């Protein structure tokens, strides 16, 4: 999406890294990030101009190939490259190699992670919108945010659906990945109140119960927490739908790119923004009974 020129006919300037960081802060404030998270600028000089921005879920080597081949001068990644502390960025490892490639190409890297989850219009808001939820509110409110900010969302379908039909709707909005969609619950059970959390969400089961959700859509559900939820529910709600971590967050990339482009345009800047075409889901294929 390339931004427009000034009305006077003069091309508007490309923003600097610092300008983009201010726009990102307006949309997804760092104050909304979880305490354990690592968000913000990872590599890049604040004074450098940013002519091309690529949005991605993960800053993998394949994404860097795509970004640098296109001539990107900034990557906005949902997942952090350096979430865990490192003692070296030598190019002997894949993280160091990524940092070296970025610096040598003059491409900045910015992380928008749990602040992008929590903010209005964030990952879970986009997932809730895609599923047609109404009267949406946070599943776990942000400690220092607006009432509508926080991790996860819960809302209502316009009309009840059978769990099986709802699971098919979930499957239909997500990108194709090897793992597909897993469901725990009676496929004929009716659901109307839906909780969602993009990314790994099994830390929110208490909030899901408190919200009186009929079904919970999230990713990376582990055996023991999921089993305990099902045992406690005794075959009743909340039912569980486990989706791809990548897929649940991929939906956010296009609205996020549009939002950043709009803010930069309003500030008088022009830059080309696109969403990565690389599927960064880590799984390549799956075996199921009968296949």
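Residue numbers (my numbering): 1 to 291.
We put the beta carbon where it would ideally sit given N, CA and C, even for glycine.
All figures in this text were calculated on a predicted structure; none of them were measured in a lab.
query, result
"Start and end of the alpha helix (DSSP H) containing residue 128?", "123-130"
"Around the C-beta of residue 284, are 16 or more other C-beta atoms found within 10 angstroms, so that it is buried, or is it exposed?", "exposed"
"Are there three or more Cβ pairs, one per stretch, closer than 8 Å when the segment 132-151 is compared with the segment 71-85?", "no"
"Considering residue 55, what are the terminal residues of the beta strand (DSSP E) in which it resides?", "52-56"
"Could you pull out every residue in the same chain whose Cβ sits closer than 8 Å to the Cβ of residue 68, ignoring the five residues on either side in sequence?", "101, 105 and 107"
"Looking only at its own chain, which residues have a Cβ that is under 7 Å from the Cβ of residue 16, when we skip the five neighbours before and after it?", "46, 47, 48, 49 and 50"
"At what residues does the alpha helix (DSSP H) containing residue 206 begin and finish?", "205-210"
"Buried or exposed for residue 155, going by 16 or more other Cβ atoms inside 10 Å?", "buried"
"If I measure Cβ to Cβ from residue 278 and keep anything under 6 Å in the same chain, skipping five residues before and after, which residues do I get?", "62, 63 and 66"
"Would you kindly check if the distance between the Cβ of residue 56 and the Cβ of residue 275 is under 9 Å?", "yes"
"Just to confirm my understanding: we take residue 13, look at its own chain, exclude 5 residues before and 5 after, and list those with CB closer than 8 Å. What are they?", "49, 268, 269 and 270"
"Check whether the segment 108-115 touches the segment 88-96, taking contact to mean three or more Cβ pairs, one atom from each stretch, closer than 8 Å.", "no"
"Output the residue ranges of the beta strand (DSSP E) runs that lie fully inside the segment 9-85 and measure 3 residues or longer, sorted by chain position.", "40-43, 52-56 and 74-77"
"Could you tell me whether the segment 179-199 touches the segment 239-259, using the rule of 3 or more Cβ pairs below 8 Å?", "yes"
"Tell me which residues share the same chain as residue 174 and place their Cβ nearer than 8 Å to its Cβ, disregarding the 5 neighbours each side in the sequence.", "181, 243, 244, 247, 248, 250 and 251"
"Once you ignore the five residues that flank residue 162 on each side, which residues in its own chain have a CB closer than 8 Å to its CB?", "187, 188, 189, 190 and 191"
"Give me whichever residues DSSP pairs with residue 156 in a beta bridge.", "134 and 193"
"So what does DSSP say about residue 240, is it helix, strand or coil?", "strand"
"From the DSSP output, read off the bridge partner residues of residue 200.", "219"
"Helix, strand or coil for residue 229, going by three-state DSSP, please let me know.", "helix"
"List the DSSP bridge partners of residue 184.", "240"
"Assign residue 217 to one of two classes, buried (16 or more other C-beta atoms within 10 Å of its C-beta) or exposed (fewer than that).", "buried"
"Around the Cβ of residue 153, are there at least 16 other Cβ atoms within 10 angstroms (buried) or fewer (exposed)?", "buried"
"Which value, in whole angstroms, describes the spacing of the CA atoms of residue 4 and residue 266?", "Any reading at residue 4 must be qualified, since the residue scores a pLDDT of 49, below 50, and its modelled position is unreliable; the value itself is stated next. Each residue's Cα considered, the two are about 10 Å apart."
"According to the Cβ coordinates, are residue 208 and residue 219 closer than 9 Å?", "no"
"Give me the Cβ distance between residue 33 and residue 260, rounded to the nearest whole Å; I'm assuming they're in contact under 8 Å.", "With a Cβ gap of about 17 Å, residue 33 and residue 260 do not count as contacting."
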